[in-house]
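Each remark here refers to the structure printed beneath this line.
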Amino acid sequence: MAVEGWLSLVRQAAAELDKGARELEQELTDSLLALFATAETPPPSVVEYLRAALRSDKAGPIARPGYTAFAATLRTDLSLPAAEVIFSGVLEALDASPKAPCHSASTGDQTAQGLVTALGRVVPLILSNPSSTSSTATWLARFVTEPPHRLGKGSVNEALLEQCAASLRKGVEELARAKGVSAGGDGAKLQAAMQSALARLSAKGRRRMPAPVNLNHASPSAVAPDVILLVSDLVSHPYIPTQDVTSRLSALLAYRAAQAPFRSSTTEEAVSSTLAEFVRTCVQLVQGAKREDAVLESWLFAKLHDPLVSALRALREDEQESSKDMQVEGAMSTFDSFIAALCQHELLSPDEGAEISRQLDTSDVQPFMAADYSDRLSGAGPDDVKHLLDELLGSYASQQPIAKAIVEPVELLSPVRELLDSVDTSQDSFGDSNPIERYGSLVLFLEILVHRFKLHDNLARHLGQSTSFFVSWLPASSAVFPLPTLSDDERSTISGWIGALFGEGISDDLMHATNPRTLLRVAPTILKQSLMACQAGVVDLDNLRDALSYFLQELLRFTLPGVLLWLIEKLGRTPPSTQQTAMLDLLQTLVTSDSLPPPVLELVAPELAHYLLDSAAPTQPLDRVRILRLIAPFRPLEPALVWPDIVAPTPADQLRVALAETCAPPSSSARTLPANLASVTSSALNQSLSPAAFLRNTLLPLLFSLLPSAIGAAVSMQRTYGNVERAGAALLAVPLHATNGRSLLETFVTQVLLIELPSWSAQLHGDTGVGSEAGGARERLELLGDITAGAFVIALSQAEQAAESLLDLLAKAVEHAGRASAQKQDGQSGEDTATPLSIFVDRIVSWSVLVDRSPRLAALAQK
1 MAVEGWLSLV RQAAAELDKG ARELEQELTD SLLALFATAE TPPPSVVEYL RAALRSDKAG
61 PIARPGYTAF AATLRTDLSL PAAEVIFSGV LEALDASPKA PCHSASTGDQ TAQGLVTALG
121 RVVPLILSNP SSTSSTATWL ARFVTEPPHR LGKGSVNEAL LEQCAASLRK GVEELARAKG
181 VSAGGDGAKL QAAMQSALAR LSAKGRRRMP APVNLNHASP SAVAPDVILL VSDLVSHPYI
241 PTQDVTSRLS ALLAYRAAQA PFRSSTTEEA VSSTLAEFVR TCVQLVQGAK REDAVLESWL
301 FAKLHDPLVS ALRALREDEQ ESSKDMQVEG AMSTFDSFIA ALCQHELLSP DEGAEISRQL
361 DTSDVQPFMA ADYSDRLSGA GPDDVKHLLD ELLGSYASQQ PIAKAIVEPV ELLSPVRELL
421 DSVDTSQDSF GDSNPIERYG SLVLFLEILV HRFKLHDNLA RHLGQSTSFF VSWLPASSAV
481 FPLPTLSDDE RSTISGWIGA LFGEGISDDL MHATNPRTLL RVAPTILKQS LMACQAGVVD
541 LDNLRDALSY FLQELLRFTL PGVLLWLIEK LGRTPPSTQQ TAMLDLLQTL VTSDSLPPPV
601 LELVAPELAH YLLDSAAPTQ PLDRVRILRL IAPFRPLEPA LVWPDIVAPT PADQLRVALA
661 ETCAPPSSSA RTLPANLASV TSSALNQSLS PAAFLRNTLL PLLFSLLPSA IGAAVSMQRT
721 YGNVERAGAA LLAVPLHATN GRSLLETFVT QVLLIELPSW SAQLHGDTGV GSEAGGARER
781 LELLGDITAG AFVIALSQAE QAAESLLDLL AKAVEHAGRA SAQKQDGQSG EDTATPLSIF
841 VDRIVSWSVL VDRSPRLAAL AQK
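Mapping to this note's numbering: the sequence shown position 285 is 285, numbers consecutive.
Given below as structure tokens:
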């Protein structure tokens, strides 16, 4: 039957029998391989059928090359000619689809087991006739060289790794003894590939003395420079794709995990401390921002989520395995408690929390606010809505979704403005006695949003209408008006409210008869008229104070921002007098009252601070210290002092200061806001002649200058060294926007290290090329080794193939320089022959994760 007809029948039969793609692949592959096993030489039609099944067409291949190879290695009844034909078809399919794996293993353990099986079945076939095993040997060499999953200590069971090493060793020995394996042939290439894989599996990083104490415990609240660099670069570009954030954070976690043994720590501690530093830095940046930065908050809430979830999922299995023997029945583990807290604070959704920690009950992963607010709103009356709005002004739970959505101001403010413009409390349709009070809560809500997000410049656009009362009132809320310029309704309102304030109080009839927008407009004028009455002797100061205390009640609080702003402005223009004393007394009474809402204090804080800090402001009867303390959380930042005689620092100077701040051990005092390490690094890099010049002339000298005078047992010295190391590794490996998303690692290796390596074959006390003082040369070289290794760990997690090629290039250059070093050391066995090269290499090969990735580096580790 023709191949096309056969393929059509196969697909038709699979559809009629409702067979899935994997079930069809398994049954068809097993059937074809069984036909191959029936004859010494496979029939041509069966060969064509196999090639057709492996061939990709519009519908895709029926059989994947990796699965076909896997199935073939399981059979013991295949002849060498049959195996040659099968693996020839597999190689042809792999060449047509370069990204397809050469084996169907889906995990590291399955890859290791598959390699052991393949070596046990395929090598004997090759040895039966080494000169006729081109395709079989080529496929096995490809499997050994490019396994679908990396074979290393972190990804494969240790017993399976030992089996792999034993099988590889046996295969190498058998091929070495076999006759007919020609030099340069496929058998010899297979032998070389197996030797390389064996060296990689057998290699161990050189032992290194860890820190005397757990450095993660020594400074639990510190934030290291690598985290500061990562976060400062990300928040400077808040629209970076979330997957890039995840990739960079994952790379940093891999680096910290690889570094953990040197710091006398564990992988779990390293990962948890890194996440804590990451979140702490993000929150610190938001809380310490010099402006209300909705974009920055959006980045924190929107971008942090995915990396956090990914990291927690990765931690889940390790945590469950390590804690199952310590779990007390009925108690919640630390990990579960952490997940529950994240859900309750709405950093994880309930579904995500339940998926990550399956031990938690549904009630454990519900947000704190959801049930409470849902119940209150479902049957809420007007008063409950008012209290809810008051709470939402400072509620984290309300700010999170607003910042995450980055809504346009008009989307939020237009409905509020529309309601405020349309409501008329003079119409008796509320069914209670305080319509103005509820209306006032919405007014304060609108005012505080406009103030916090600085929306005054284009109010008509932000409020959704140019003719709104609030478009004209908000910029002039403290305005006072001569009575003749007011309308009859406004003059009537002023007269009625002054009479009520100084008379028998505010009646329900007055509240229902007053339009709240009119009251907002004339409230400062009411205060002015009251002060004029006091000055004229119509009322005394006590009566005035008692009357204006009504403004502190919930009924009139919403008018206080305009009233206080006018009073502060008037005080600034009033000379010392009895009138000024009365006004100061009123200001003290209103501002220091416990009844004054925080939003009102926030709205008047800038003008109040400006008045109190004026040297001409009176000291009596105001309690200036108390008032300044009250408004401290709302005061605007003071502008930086400018000293015209001082030359502005260069970008290199700024980088030096930033590195010194971030690398120093934390003091007992509170840490300041982290330096924008990404920004100052970018500036210094842009000012340099080239990236290589930046590395040689700026970055490396700065890092060396930060090294402690000795790397002894002192914990502070160890911490400083660790911070400098982390800063250097991150600066080399993190792709900054200033370098167009590319790291400096390639430039560092090709244009700095490869040029320096030949000179490092000199003796230690010769010219090291990394500093002028020989006494500090060893520390500099050790730091260079750790920085280089750490940068490679970060890079391997982001661009594995490119980083592995660069690592092999460095190892090759080290081999070449090492040969020159060996020649110079002939006849010097009695002397200290430690060279800069050996110190540098010793440091790199102590990182076992790198030794696992590079055969050349693995070979260096054995020397």
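The beta-carbon is built from N, C-alpha and C at its ideal position, and this holds for glycine as well. In this text, all values refer to a predicted model and were calculated from it rather than measured experimentally.
Residue i classed as buried or exposed, judged by whether at least 16 other C-beta atoms fall within 10 angstroms
{"i": "valine 849", "result": "buried"}
{"i": "glycine 827", "result": "Per-residue confidence for glycine 827 stands at a pLDDT of 49, beneath the threshold of 50, marking its modelled position as unreliable; the derived number appears in the next sentence. So glycine 827 counts as exposed."}
{"i": "leucine 603", "result": "buried"}
{"i": "glycine 503", "result": "exposed"}
{"i": "methionine 511", "result": "buried"}
{"i": "asparagine 458", "result": "exposed"}
{"i": "threonine 592", "result": "exposed"}
{"i": "leucine 744", "result": "buried"}
{"i": "histidine 387", "result": "exposed"}
{"i": "alanine 15", "result": "exposed"}
{"i": "arginine 291", "result": "Residue placement at arginine 291 cannot be trusted, given a pLDDT of 46 that sits under 50; what the coordinates show is reported in the next sentence. Under this definition arginine 291 is an exposed residue."}
{"i": "glutamine 718", "result": "buried"}
{"i": "glutamine 243", "result": "exposed"}
{"i": "arginine 629", "result": "exposed"}
{"i": "methionine 583", "result": "buried"}
Residue j beta carbon less than 9 Å from that of residue i
{"i": "isoleucine 498", "j": "serine 530", "result": "yes"}
{"i": "valine 85", "j": "valine 47", "result": "yes"}
{"i": "glycine 440", "j": "arginine 557", "result": "yes"}
{"i": "alanine 105", "j": "glycine 66", "result": "yes"}
{"i": "serine 759", "j": "alanine 811", "result": "no"}
{"i": "glycine 864", "j": "valine 156", "result": "This structure gives no information on residue 864, because the portion of the chain shown stretches from 1 to 863."}
{"i": "alanine 664", "j": "threonine 720", "result": "yes"}
{"i": "alanine 72", "j": "phenylalanine 87", "result": "yes"}
{"i": "leucine 198", "j": "leucine 168", "result": "yes"}
{"i": "alanine 96", "j": "arginine 142", "result": "no"}
{"i": "leucine 655", "j": "leucine 608", "result": "no"}
{"i": "leucine 28", "j": "alanine 69", "result": "no"}
{"i": "leucine 548", "j": "glycine 464", "result": "no"}
{"i": "proline 81", "j": "threonine 145", "result": "no"}
{"i": "lysine 189", "j": "alanine 270", "result": "no"}
{"i": "cysteine 164", "j": "valine 90", "result": "no"}
{"i": "leucine 837", "j": "glutamate 779", "result": "no"}
{"i": "glutamate 174", "j": "leucine 125", "result": "no"}
Whole-angstrom C-beta distance between residue j and residue i, which should lie under 8 Å
{"i": "leucine 527", "j": "cysteine 534", "result": "At roughly 11 Å, the Cβ-Cβ gap does not stay under 8 Å, so leucine 527 and cysteine 534 are not in contact."}
{"i": "glutamate 437", "j": "glutamate 554", "result": "5 Å"}
{"i": "arginine 417", "j": "phenylalanine 453", "result": "At roughly 15 Å, the Cβ-Cβ gap does not stay under 8 Å, so arginine 417 and phenylalanine 453 are not in contact."}
{"i": "leucine 252", "j": "leucine 230", "result": "6 Å"}
{"i": "glutamate 725", "j": "glycine 790", "result": "6 Å"}
{"i": "leucine 442", "j": "leucine 419", "result": "7 Å"}
{"i": "leucine 519", "j": "leucine 552", "result": "Contact doesn't hold; Cβ gap of about 16 Å is too wide."}
{"i": "glycine 187", "j": "proline 130", "result": "5 Å"}
{"i": "tryptophan 215", "j": "serine 264", "result": "Per the sequence shown, the amino acid found at residue 215 is leucine instead of tryptophan. Their Cβ separation, rounded to whole angstroms, is 7 Å, which keeps leucine 215 and serine 264 in contact under 8 Å."}
{"i": "threonine 274", "j": "arginine 256", "result": "5 Å"}
{"i": "alanine 861", "j": "isoleucine 787", "result": "Not quite, the Cβ-Cβ distance comes to about 19 Å (not below 8 Å), so this is no contact."}
{"i": "leucine 348", "j": "valine 309", "result": "7 Å"}
{"i": "valine 365", "j": "glycine 353", "result": "4 Å"}
{"i": "leucine 703", "j": "alanine 727", "result": "7 Å"}
{"i": "alanine 817", "j": "leucine 857", "result": "Not quite, the Cβ-Cβ distance comes to about 14 Å (not below 8 Å), so this is no contact."}
Element boundaries [alpha helix (DSSP H), containing residue i]
{"i": "valine 625", "result": "624 to 631"}
{"i": "tyrosine 49", "result": "44 to 54"}
{"i": "lysine 528", "result": "516 to 535"}
{"i": "tyrosine 67", "result": "65 to 74"}
{"i": "methionine 583", "result": "578 to 591"}
{"i": "leucine 486", "result": "That residue, leucine 486, is in no alpha helix (DSSP H); it is neither H nor E in DSSP."}
{"i": "lysine 570", "result": "560 to 573"}
{"i": "alanine 786", "result": "Note that residue 786 corresponds to aspartate in the displayed sequence, not to alanine. That run of the alpha helix (DSSP H) goes 777 to 796."}
{"i": "histidine 610", "result": "598 to 612"}
{"i": "cysteine 164", "result": "158 to 177"}
{"i": "tryptophan 473", "result": "469 to 473"}
{"i": "isoleucine 356", "result": "350 to 356"}
{"i": "threonine 111", "result": "108 to 128"}
{"i": "tryptophan 139", "result": "134 to 145"}
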